[in-house]
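Enquirer: Take a look at the following structure, please.
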Amino acid sequence: GDVLSVTSTDLGEGNLGGIGPAAIDDSIRSVIDQEIENSEYQYPVKDNEWWCVDGRLRIETSKGDRYPAQIAGSIPVSETAAEYMTNSSPAPISQVIAQKTQLAVSDGLEVVVHGDSGHGKTGCAANKLDRDILRSNAANIDQVAPRTLAIGKLAGLDLDRAGLTEDDIVGLISQGGKASDDDKLFDVSTEEKIDIMVNNGAKYEELSGDHQEKKVVVITDPETTFNGTAFAQAHAYDDGSQDEVFVASVATYVELAYERGKQRRLSETEIAKQCFAVIAFNIGVAKQVGNQNLEAAILARQ
2 GDVLSVTSTD
12 LGEGNLGGIG
22 PAAIDDSIRS
32 VIDQEIENSE
42 YQYPVKDNEW
52 WCVDGRLRIE
62 TSKGDRYPAQ
72 IAGSIPVSET
82 AAEYMTNSSP
92 APISQVIAQK
102 TQLAVSDGLE
112 VVVHGDSGHG
122 KTGCAANKLD
132 RDILRSNAAN
142 IDQVAPRTLA
152 IGKLAGLDLD
162 RAGLTEDDIV
172 GLISQGGKAS
182 DDDKLFDVST
192 EEKIDIMVNN
202 GAKYEELSGD
212 HQEKKVVVIT
222 DPETTFNGTA
232 FAQAHAYDDG
242 SQDEVFVASV
252 ATYVELAYER
262 GKQRRLSETE
272 IAKQCFAVIA
282 FNIGVAKQVG
292 NQNLEAAILA
302 RQ
């Protein structure tokens, strides 16, 4: 029971991007999933260090080290998007993203945000396209809501215990769409958001190369994550290309959100809403950048 195994699931219709396998069928899928299921990539998670889900992360580790946790854009980007899904009268993004960064840093988290060598500070899609993602999630609510619920449950969220219904999850995604229509909320550029996060204690890293992700690895065990660096290095080809994966440490995020939320006297309902919203945003990021062949590998204890 110590090793996580893979269940493959699609992200639904309406993916908008170009990242993912050139084709997908059962044989391609099983090759990818078997590679991902290799337990040598399963590492204990370093739950106080957070990076983006980006597959171009390169973090050198030795066996026995812990590997950082990952969520779209890093914690402030995902939690800012969640604020627009959970709050019907939110502040402008310049204020929200500063506050989310300050809170994470004051809670002792190392927050790493990123750009890339090709686009500078606009090289993180979750940060650059947050508004578009809120909008397209609301437009694809029938695809996004059931997947948000399913992944949320696997990550340890319980609707009944949180006093929520499936309709509440639909409501979160729909509220994000409303926020995306409000120009006043989006008062700073992508680059300015990076500067605000760094000024409030985040670190900035520049990733290099093109996106070569073939799957989104979704971790539903809070103690474990997936070493995407080791995976890419083991899947390097003579032409210079590599197979990469996006990684979302969703169960680790949920566990941490409960710890942090309870310290702030948030109700279970408020904490669970934020977690479901973060999961919806992460699905939206994958749908925004992924092609129709990009699927998720849910890593879970069987």
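With the working numbering as the guide, the letters of the sequence shown map in order to residues 2 to 303. No residue lacks a Cβ here, since even glycine has one placed at the ideal position from N, Cα and C.
(1) What separation, rounded to the nearest whole angstrom, lies between the Cα atoms of SER31 and LEU5?
(2) Report yes if the CB atom of THR226 is closer than 8 Å to the CB atom of TYR85, and no otherwise.
(3) Would you report the Cα separation of VAL176 and ALA140, rounded to the nearest angstrom?
(4) Taking just the CA atoms, how far does ASP108 sit from GLY262?
(5) Could you check which residue in ALA281, ILE142, PHE277, HIS115 has the C-alpha nearest to that of TRP51?
(6) In terms of alpha-carbon separation, which member of ILE98, ILE152, ASN39, ARG132 lies closest to ASP222?
(7) May I have the straight-line CA-CA distance separating ALA156 from ALA252, to the nearest angstrom?
(8) Please say whether THR149 and ALA273 have beta carbons closer to each other than 8 Å?
(9) Please go through the segment 43-128 and give each complete alpha helix (DSSP H) segment of 4 or more residues, from N-terminal end onward.
(10) Would you call ASN39 buried or exposed, if buried means 16 or more other Cβ atoms sit within 10 Å of its Cβ?
(11) Based on Cα-Cα distance, which residue from GLY121, VAL7, ALA231, ASP159 lies nearest to ASP244?
(12) Between LEU295 and SER137, which are expected to be in contact by the criterion C-beta below 8 Å, what is the C-beta distance as a whole number of angstroms?
(13) If you reduce the DSSP assignment to three classes, tell me which class GLN213 lands in.
Expert: On the basis of the coordinates in this document:
(1) 16 Å
(2) no
(3) Checking the displayed sequence, the identity of residue 176 turns out to be Gln instead of Val. Those two C-alpha atoms are separated by around 11 Å.
(4) 11 Å
(5) HIS115
(6) ILE152
(7) 4 Å
(8) No, the pair does not count as a contact, with Cβ atoms beyond the cut-off.
(9) 76-87, 94-107
(10) Exposed, since its Cβ has fewer than 16 Cβ neighbours within 10 Å.
(11) ALA231
(12) Their Cβ separation, rounded to whole angstroms, is 15 Å, which puts LEU295 and SER137 out of contact at 8 Å.
(13) coil
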